[in-house]
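Q:
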Amino acid sequence: MENLSFKVAEIEISYHPAFKLAELPQVTSAQEAYRVLMERWEEGRIELLEEFKVILLNRRGRVLGVVNISQGGLSGTLADPKVIFAVALKACASGVILAHNHPSGELSPSDADISLTRKLKSGGDILEINVHDHLIVSRYGFYSFLDEGMM
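Just so you know, we're using the numbering used here here: the sequence shown kicks off at 208 and counts up by one.
#1: Whole alpha helix (DSSP H) runs in the segment 243 to 322 with 4 or more residues, listed along the chain?
#2: If you reduce the DSSP assignment to three classes, tell me which class Leu231 lands in.
#3: In the DSSP assignment, what residue or residues form a beta bridge with Tyr350?
#4: Check the DSSP bridge columns for Val215 and list the partner residues they point to.
#5: Quick one: is Pro316 buried, meaning 16 or more other Cβ sit within 10 Å of its Cβ, or exposed?
#6: Can you give me the Cβ contacts of Arg247 inside the same chain, cut-off strictly under 6 Å, excluding the 5 residues immediately before and after it?
#7: Kindly confirm or deny that the segment 336 to 354 and the segment 271 to 288 touch, where touching means at least three C-beta pairs closer than 8 Å.
#8: I need the straight-line Cα distance from Glu355 to Ile321, nearest angstrom please.
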């Protein structure tokens, strides 16, 4: 019988941040999350195109990053759970805050928004990535699923 040997890559896990974690902004409320988002949202597009973003958080609520997940048209965008959680896992995030805008300025969640939030909350529970909140944002304010008892 022929002896087959396989070469397998060794995987090593390491983390070398280029910053001090204590210097990162901390998010402990929907208002703080909104401020972080608006600092990074392109003002000229918030009333033009629907976009979906995720704030990545460590266990202490420090912002590891804000990721643009998708950009759509006037009436919708795709928020693929696989992409959202792949990014969170790669960043070693312990939690996320979901966010998207409605170009119309209407802050009330649609049925699709509610369904997606529930789906992502369930997925996060399985992966032990806490989905803290989902914000619908506009230039003039926000809707927080958590603050409105929808989480």
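Here a beta-carbon is modelled for each residue, glycine too, at the ideal position from N, C-alpha and C.
A: This is what the structure holds:
#1: Taking only runs of at least 4 residues, the alpha helix (DSSP H) segments lying wholly in the segment 243 to 322 are 288 to 297.
#2: Coil, per DSSP.
#3: In DSSP, Tyr350 forms a bridge with Ile343.
#4: Partner(s): none; Val215 has no beta bridge.
#5: With a 10 Å radius around the Cβ and a threshold of 16 neighbouring Cβ atoms, Pro316 comes out buried.
#6: Within the same chain, Arg247 has close Cβ partners Val273.
#7: In the pairwise beta carbon analysis, the segment 336 to 354 is classified as not touching the segment 271 to 288: fewer than three pairs are separated by under 8 Å.
#8: Spanning the two alpha carbons is a distance of roughly 12 Å.
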